[in-house]
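Quick notes on the structure that follows.
Protein chains in written order, with our numbering: chain A, 262 to 347; chain B, 39 to 273.
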């Protein structure tokens, strides 16, 4: 699952962001419309629901998590609450 | 004699009250069906998807999505009648799945296996959408793979049309499955449950207690919905 959903782009890892959304087009849209380099973000991770997002957040420890709220399996709010009590 | 007369009056009043109550419930359920018909959340999500497509320069996808969306709403909003044909209803649900497939990476395999001879029979509009919506959002997308099948089959038996709508989603827990048709589930379980409960009520108010929906589900392997309506040809 992680191999499919995780996409790491960019060179030096200064800051990394995890984008969690069940809609591929939204993720693609966000990724293509922001100049990540200018924000000092060099690594973009993707997950398609809260369960995968939580797993990836634990494993990769991103600096920023950008998450949708309504998603299958685990919604964004539950994911963030679970993440913040880690 | 007087007693019998009084009893008869009482029964007539009870019947009139029931008729009035049924008419009120039907109006109510038709109104809720209209809300499902407009389905602002679905519309908002689809417009949002189109906006992202457009921003990413996917012009052909934008054209396809707008075309499907306009046809989808045309089928339900363009005419006042609340009853349509099975053919129209199947076209409507196919368009709905096409839009959901655009959002969710074409992972929903939708098969309609309904004989042509049933296409001209009548069915209330928006009967399938809440059921299929539930199969997608709470069945297939809850799987690890987010991939699955939905199959609609139908046949006639003793002047009743029976539809069988099955999915291979995650299934529904035994304690929950009994509550789907009663409207006891909270909002947490999703808006489509309100739609399912309303569809069931609407079918029973229109056609009687022997019609409507029944759910069976096996946790981990999928859900099957039986839908019964009287076989009436559309005029």
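C-beta atoms are modelled at their ideal positions from N, C-alpha and C, and glycine is treated no differently. None of the values given here were measured: they were computed from a predicted structure.
8 Å contact criterion, which residue i and residue j should meet: CB distance rounded
i                     : j                     : result
residue 197 (chain B) : residue 153 (chain B) : Rounded, the Cβ-Cβ distance is 16 Å, inconsistent with contact.
residue 235 (chain B) : residue 219 (chain B) : 6 Å
residue 206 (chain B) : residue 186 (chain B) : 5 Å
residue 311 (chain A) : residue 276 (chain A) : No, residue 311 (chain A) and residue 276 (chain A) are not in contact; Cβ-Cβ is about 22 Å, not under 8 Å.
residue 264 (chain B) : residue 252 (chain B) : 5 Å
residue 157 (chain B) : residue 123 (chain B) : 6 Å
residue 314 (chain A) : residue 279 (chain A) : 6 Å
residue 141 (chain B) : residue 91 (chain B)  : Between residue 91 (chain B) and residue 141 (chain B) the Cβ distance is about 10 Å, and since that is not below 8 Å, they are no contact.
residue 333 (chain A) : residue 179 (chain B) : 4 Å
When the options are compared against residue i, the one with the closest alpha-carbon
i                     : options                       : result
residue 106 (chain B) : B:78, B:137, B:60 and B:118   : B:137
residue 125 (chain B) : B:52, B:191 and B:250         : B:191
residue 286 (chain A) : B:96, B:208 and B:52          : B:96
residue 60 (chain B)  : B:263, B:179 and B:245        : B:245
residue 271 (chain B) : B:211, B:160 and B:202        : B:160
residue 165 (chain B) : B:221, B:131 and B:155        : B:131
residue 330 (chain A) : A:305, A:323 and A:342        : A:342
residue 143 (chain B) : A:334, A:323 and A:309        : A:309
residue 336 (chain A) : B:48, B:240 and B:176         : B:176
residue 211 (chain B) : B:64, B:202, B:149 and B:259  : B:259
residue 112 (chain B) : B:56, B:129, B:98 and B:239   : B:129
residue 167 (chain B) : B:200, B:133, B:179 and B:149 : B:133
residue 169 (chain B) : B:82, B:202 and B:147         : B:202
residue 195 (chain B) : B:81, B:139, B:249 and B:100  : B:249
residue 323 (chain A) : A:333, A:305, A:332 and A:334 : A:305
residue 238 (chain B) : B:56, B:150 and B:64          : B:64
residue 149 (chain B) : B:240, B:46, B:54 and B:204   : B:204
residue 162 (chain B) : B:56, B:79 and B:240          : B:240
residue 200 (chain B) : B:46, B:42 and B:151          : B:151
Length of the line joining the Cα atoms of residue i and residue j
i                     : j                     : result
residue 174 (chain B) : residue 290 (chain A) : 23 Å
residue 44 (chain B)  : residue 58 (chain B)  : 21 Å
residue 94 (chain B)  : residue 261 (chain B) : 37 Å
residue 84 (chain B)  : residue 118 (chain B) : 24 Å
residue 181 (chain B) : residue 135 (chain B) : 17 Å
residue 104 (chain B) : residue 242 (chain B) : 35 Å
residue 77 (chain B)  : residue 282 (chain A) : 21 Å
residue 62 (chain B)  : residue 307 (chain A) : 49 Å
residue 300 (chain A) : residue 171 (chain B) : 39 Å
residue 327 (chain A) : residue 183 (chain B) : 22 Å
residue 298 (chain A) : residue 317 (chain A) : 22 Å
residue 320 (chain A) : residue 120 (chain B) : 52 Å
residue 325 (chain A) : residue 303 (chain A) : 12 Å
residue 145 (chain B) : residue 294 (chain A) : 26 Å
residue 345 (chain A) : residue 52 (chain B)  : 59 Å
residue 50 (chain B)  : residue 266 (chain B) : 30 Å
residue 247 (chain B) : residue 89 (chain B)  : 44 Å
residue 209 (chain B) : residue 296 (chain A) : 42 Å
residue 139 (chain B) : residue 213 (chain B) : 30 Å
residue 227 (chain B) : residue 40 (chain B)  : Residue placement at residue 227 (chain B) is flagged as unreliable, the pLDDT there being 48, under the threshold of 50; a coordinate-derived value is accordingly withheld.
residue 102 (chain B) : residue 127 (chain B) : 20 Å
residue 188 (chain B) : residue 273 (chain B) : 30 Å
residue 108 (chain B) : residue 79 (chain B)  : 16 Å
residue 215 (chain B) : residue 223 (chain B) : 10 Å
residue 147 (chain B) : residue 99 (chain B)  : 19 Å
residue 193 (chain B) : residue 110 (chain B) : 25 Å
residue 48 (chain B)  : residue 55 (chain B)  : 10 Å
residue 217 (chain B) : residue 155 (chain B) : 34 Å
residue 42 (chain B)  : residue 221 (chain B) : 40 Å
residue 284 (chain A) : residue 292 (chain A) : 13 Å
Beta-bridge partners of residue i, as assigned by DSSP
i                     : result
residue 148 (chain B) : B:188
residue 308 (chain A) : A:281
residue 276 (chain A) : A:302
residue 120 (chain B) : BP columns for residue 120 (chain B) are empty, so no partner.
residue 198 (chain B) : B:195 and B:268
residue 179 (chain B) : Note: residue 179 (chain B) sits in no beta bridge, so no partner.
residue 161 (chain B) : B:122
residue 255 (chain B) : B:261
residue 328 (chain A) : A:281
residue 203 (chain B) : B:190 and B:263
residue 250 (chain B) : B:266
Near the ligand GDP: residue i beta-carbon under 7 Å from a heavy atom
i                     : result
residue 177 (chain B) : Absence of the ligand GDP is noted for the structure shown, with no ligands found whatsoever.
Margin query: Can you pull out the residues from the stretch 89-123 of chain B whose beta carbon lies closer than 7 Å to at least one beta carbon of chain A?
Written below: 90, 91, 93 and 94
Notebook entry, point to check: For the stretch 134-146 of chain B, which residues have a CB atom closer than 8 Å to at least one CB atom of chain E, in sequence order?
Noted result: Of the protein chains in this structure, namely A and B, none is chain E.
Checklist line | Interfacial residues, the stretch 287-307 of chain A to chain B, with Cβ spacing under 7 Å | finding: When CB distances to chain B are screened at a threshold of 7 Å, the residues of the stretch 287-307 of chain A falling below it are 287, 289, 290, 293 and 294, in chain order.
Margin query: Which residues of the stretch 179-204 of chain B have a Cβ closer than 8 Å to any Cβ of chain A? Give them in chain order.
Written below: 179, 180, 182 and 184
Checklist line | chain A contacts from the stretch 163-175 of chain B (Cβ-Cβ distance under 8 Å) | finding: 175
Next item on the list: For the stretch 328-340 of chain A, enumerate the residues whose C-beta is nearer than 8 Å to any C-beta of chain B, in chain order.
Entry: 333 and 334
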